[in-house]
Amino acid sequence: MTQHPNSPATGPKSTAQMAPAQRNILLFTGMASLLVMVGVLQSWNVAFSILNMCLISAIMALGVNIQWGYAGLFNVGVMGFAALGGLAGVVISMPPVDAAWAAGGLGVVMGLATGIVTLVLGMMVWRRGQSWGRWRYAATGAIVVIGYILMRSLADPSVDAIEAVDPARTGYLGGLGLPIILSWLVGGIFAAAAAWVVGKISLGLRADYLAIATLGISEIIIYVLKFEDWLSRGVKNVTGLPRPVPYEIDLQANSWFIAFADHLNLPLVDASSLVVKICYALLFTVVLLAVLWLSETALRSPWGRMMRAIRDNETAANAMGKNVTKQHLLVFVLGSAVIGVAGAMMVTLDGQFTPTSYQPLRFTFLIWVMVIAGGSGNNWGAVLGGFLIWFFWIEAEPIGLWLMDVVTSGLPPTHWLRLHLLESAAHTRLMTMGVILLLVLRFSPRGLIPESRR
Amino acid sequence: MDAVLNALVLIGNYIVVPGLAYGSQLALGALGVTMIYAVLRFSNFGHGEIMSFGTMLVIMATFAMQDVGISISPLPTALLALPVGILGAVGLCLLIDRYVYKFYRQQRASPVIYLIVSIGTMFIIGGLIRFIIGPKDRNFADGERFIMKASAFKANTGLAEGLAIKTAQGVTVLTTFVVVGLVFWFLNYTRTGKSMRAFADNEDLALLSGIDPDRVVRITWIITAVLATIAGTLYGLDKSYKPLVYMHLLLPIFASAIVGGVGNPLGAIAGGFVIAFSELAITFAYKKVAAYLIGDGVLGDGLLQLLSTDYKFAVSFMILVIVLLVKPTGIFSGKTL
Amino acid sequence: MTALIGTAMTGGYGGADILNGCTISVESGEIAVIVGPNGAGKSTAMKAMFGMLDLRAGSVLLDGEDITTLPPQHRVQRGMGFVPQTQNVFTSMTVEENLEMGGFIRDDDFADTIEEIYNLFPVLREKRAQPAGELSGGQRQQVAVGRALMTQPKVLMLDEPTAGVSPIVMDELFDRIIDVARTGIAILMVEQNARQALAIADRGYVLVQGENRYTDTGAALLANPDVRRAFLGG
Chain A
59 MTQHPNSPAT GPKSTAQMAP AQRNILLFTG MASLLVMVGV LQSWNVAFSI LNMCLISAIM
119 ALGVNIQWGY AGLFNVGVMG FAALGGLAGV VISMPPVDAA WAAGGLGVVM GLATGIVTLV
179 LGMMVWRRGQ SWGRWRYAAT GAIVVIGYIL MRSLADPSVD AIEAVDPART GYLGGLGLPI
239 ILSWLVGGIF AAAAAWVVGK ISLGLRADYL AIATLGISEI IIYVLKFEDW LSRGVKNVTG
299 LPRPVPYEID LQANSWFIAF ADHLNLPLVD ASSLVVKICY ALLFTVVLLA VLWLSETALR
359 SPWGRMMRAI RDNETAANAM GKNVTKQHLL VFVLGSAVIG VAGAMMVTLD GQFTPTSYQP
419 LRFTFLIWVM VIAGGSGNNW GAVLGGFLIW FFWIEAEPIG LWLMDVVTSG LPPTHWLRLH
479 LLESAAHTRL MTMGVILLLV LRFSPRGLIP ESRR
Chain B
16 MDAVLNALVL IGNYIVVPGL AYGSQLALGA LGVTMIYAVL RFSNFGHGEI MSFGTMLVIM
76 ATFAMQDVGI SISPLPTALL ALPVGILGAV GLCLLIDRYV YKFYRQQRAS PVIYLIVSIG
136 TMFIIGGLIR FIIGPKDRNF ADGERFIMKA SAFKANTGLA EGLAIKTAQG VTVLTTFVVV
196 GLVFWFLNYT RTGKSMRAFA DNEDLALLSG IDPDRVVRIT WIITAVLATI AGTLYGLDKS
256 YKPLVYMHLL LPIFASAIVG GVGNPLGAIA GGFVIAFSEL AITFAYKKVA AYLIGDGVLG
316 DGLLQLLSTD YKFAVSFMIL VIVLLVKPTG IFSGKTL
Chain C
460 MTALIGTAMT GGYGGADILN GCTISVESGE IAVIVGPNGA GKSTAMKAMF GMLDLRAGSV
520 LLDGEDITTL PPQHRVQRGM GFVPQTQNVF TSMTVEENLE MGGFIRDDDF ADTIEEIYNL
580 FPVLREKRAQ PAGELSGGQR QQVAVGRALM TQPKVLMLDE PTAGVSPIVM DELFDRIIDV
640 ARTGIAILMV EQNARQALAI ADRGYVLVQG ENRYTDTGAA LLANPDVRRA FLGG
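Residue numbers (my numbering), protein chains in the order written: chain A, 59 to 512; chain B, 16 to 352; chain C, 460 to 693.
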């Protein structure tokens, strides 16, 4: 039987003493005032930067919550799915590099096609060959090896040719030159496709296998993005992605905007960057609300009830004739798609795609902490967790540094311990995340906004 | 004839020798993972960091010993420092079990919860390590660097290719042999070891037979910590120590354990070598070997490499996927501990 | 003296009581059998006597000593052996290792006990180095009983030892159980195969809804027309 931290049987009594709705409003108001405080004390620009990432984090947390909260699936590969979303940003929005296409486009496309044909053929032979005994392995193996060699011999020269095209600026195929907003959808599709493959392989087996398989696939996705220069320039990064919102420079040159900034009594540079951030924030809010609405609707539907039934008692659900594995696959794919969407949005916000920035701590486990601290199984909890944890993630380092400074203030400024501690403050994030995760799981497994029993 | 010998030496030098060493390291790591799985029934994501933690202590003890001039040259000083790391890792594991896992055992929590908790411990230990020793690379291998140098091999055999065996590699294989032997002896011939197997096999019946579960769990953690520290130290001696690397070792280690059948110690060891040799064999450039065997002229300018070394990591994943598709219970299924 | 007696036992697994004041006892060297319809609380009664469920009222005495509040492990140390109905051997361990684990709590040398068990169950001596999981159902049950005998118990409790084995194997098992009883051990067992079990029983209990309905010698119960009609299928 699957036990879930917030299944009624194991969860402790609700921590909420007041009416849940009141409490939730209070929590979100508190979150808002934290952001306002940053706005007043630091600057509104910083506040909106944090808000934008809060929004994206909340969407990622919603994605993980769909998998974990609805179905109890443990996905350790959030990073990989987010990165695939990011790749969509490049593939959709960047202008195509015609010279690279001319140099090796055909070869790469043919190579990829060979790869896909090989996989399909291999799978067909494997399925058909159940009665072939040892020949089944031999035939499938032969197809895979021959197909792989064929693929490599088709693609390799073309890859070299592509990567030789003006490597300092391009050296890759470029994208499709479409509006970047489209990549949010495509990012979701990329992530969903990868999730389908991983889920197909590892769902229906022990829970550990999904965790290990997702850990593996996410690392491999990052490796591919780092080393396949023809695809997205690898570690040379893709910068200057087109934006869905105006550029600061354009705003600053606009006479109407100059008057507007003047009217607000703000310096022109600040005003322009603030407006850009607000535009992003509006776009992201629309997506967040859409995902939230869809998730809530799904959760309230008969399907959502069934999912929770499966989560809380897999054996019984199996006995009732529900195809648990199939439902899990669906949920896993949907959740990953949401993560992919958020990944594409983040690349859009950054305006660049940097494979090395994908770290499991930042992209997988931070999101997990958000979901668990917020309240697994509760979409509003995931959103609040996304906001709150991101806020502290950003503010933790200054706080940690300040704390170290205070703690060691008695020591002379060059004392080795003081220097060591100040230097190590950056690593406190790692430990803090672990401690928060353990503390929440232990003492408040239902999170800030617990799943309500329907 | 020389051509064939040269080709064999090449393979020996680049696949067999490093594969034996790396395979041993993975085998020890996977053995620890499998022990925890068999007794506590979850995949411990913190295992890589336990390896790293033990190794860190070994390194600090090694540096201290080097400072006062203690050495067992030609062997690396780290071997002498091993007990320090082992003690520390054992302490850490017991502490974590007492203050983290015990609670969930009493709750009879589901395996997924254990997974998440183990990831929490992974971060705490990881943070602790970076806090204490920092994220930098540390080289702590001392003593004689080679058992056999490539140049000496060439001079003695008159072959064009050399076969080098690093001290770290020799020490790794030998230590693994001894440690694995001891673990199997313990499991199969001691009362405590048998009680561990009994507990892994049938928890309720073990309780009924008067086997103390807390004691079994404690001993499991102790063995795991010992194995982890030894595995981590050997890996560090062989390839230099860097905290980040141990997290990346997690996937090959899990893959090793699963390939052999999780919970099965023999399988873990077999799995370690399967993963290690596949990784090296698939990412090795066979061009020179082929040149010896079939002559230089017929070859193009490809490296004859199945997969670029950048994707070393992907090999364990591919094997994992194949095992999950073909035989999810692993090679040695059906038998635990 | 009565080896084991549970008096007026009342209790259940939370919720409604399953046992309603039933009394069960067994003497050394005797075989006592609990029979009854499904849901009568047969297994529950035995588990209660082994301490696997808390009694709300009533008491359990072992050799005259009150053990009502002792946990099962301590009862094993006091001289009770229990053979669960399922999963009653360590499948991955050899027959001999299974026996060794049975004697885990003993600090003395138990080689003699293993020898005695091999004499009781000769087939186990043959298969001593084979994993218990590879044995047939009947052989497995012998391993299970052997494991429980390793602590040299005064009382041995068997939960449906013949469930799922063929009639021939069942007869063989019952023969072995009689042999065990002859060594002076008190045997208490729950059985579905009521007729055959009562045939070897010195004492039989017919439980209905957690209460004693009939208590008599096995032969007397077999001869009792009411018992035959209601519980033995005529």
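All C-beta atoms in this analysis are idealised placements derived from N, C-alpha and C, irrespective of residue type, glycine included.
As assigned by DSSP and simplified to three states, the class of residue i
i: T176(A); result: helix
i: L283(A); result: helix
i: G444(A); result: helix
i: K501(C); result: helix
i: V494(C); result: strand
i: S331(A); result: helix
i: F347(B); result: coil
i: P91(B); result: coil
i: K302(B); result: helix
i: E509(A); result: coil
i: L520(C); result: strand
i: V624(C); result: coil
i: N652(C); result: coil
i: L691(C); result: coil
i: F411(A); result: strand
i: D229(B); result: helix
i: D630(C); result: helix
Residue j beta carbon less than 9 Å from that of residue i
i: A22(B); j: G287(B); result: no
i: S484(C); j: G465(C); result: yes
i: F569(C); j: R635(C); result: no
i: L319(B); j: I297(B); result: no
i: L632(C); j: A658(C); result: no
i: R672(C); j: V665(C); result: yes
i: I425(A); j: I397(A); result: yes
i: M539(C); j: M468(C); result: no
i: C108(B); j: I65(B); result: yes
i: N110(A); j: Y338(A); result: yes
i: L463(C); j: L521(C); result: yes
i: M462(A); j: I447(A); result: no
i: L43(B); j: V194(B); result: yes
i: E372(A); j: G435(A); result: no
Residues that residue i bridges to, as DSSP identifies them
i: S484(C); result: I464(C)
i: M616(C); result: F541(C) and L647(C)
i: K181(B); result: F161(B)
i: V665(C); result: V494(C) and Y673(C)
i: Y256(B); result: R153(B)
i: T244(B); result: Answer is none; T244(B) lacks a bridge partner.
i: V296(A); result: F411(A)
i: T553(C); result: P590(C)
i: Q320(B); result: A300(B)
i: N479(C); result: T469(C)
i: D525(C); result: L520(C)
For residue j and residue i, believed in contact at Cβ under 8 Å, the rounded distance
i: F155(B); j: A93(B); result: 6 Å
i: L202(B); j: P280(B); result: 7 Å
i: V99(B); j: L72(B); result: 5 Å
i: G432(A); j: G505(A); result: 5 Å
i: G27(B); j: F292(B); result: Their Cβ separation, rounded to whole angstroms, is 12 Å, which puts G27(B) and F292(B) out of contact at 8 Å.
i: G458(A); j: T486(A); result: 4 Å
Any non-hydrogen atom of the ligand PLP closer than 8 Å to residue i Cβ
i: L266(B); result: No copy of the ligand PLP appears in this structure; indeed no ligand is present at all.
Whole runs of the alpha helix (DSSP H) within the region 119-202 of chain A, excluding any shorter than 4 residues:
If one requires a minimum length of 4 residues, the alpha helix (DSSP H) runs lying completely within the region 119-202 of chain A are 136-151 and 164-186, in chain order.
Unbroken alpha helix (DSSP H) runs of length 4 or more, entirely within the region 118-174 of chain B: which are they?
126-148 and 165-172
Unbroken alpha helix (DSSP H) runs of length 4 or more, entirely within the region 217-261 of chain A: which are they?
239-260
Check distances from the C-beta atoms of the region 277-297 of chain A to those of chain E and list, in chain order, the residues that come in under 7 Å.
The displayed structure is made up of protein chains A, B and C, and chain E is not among them.
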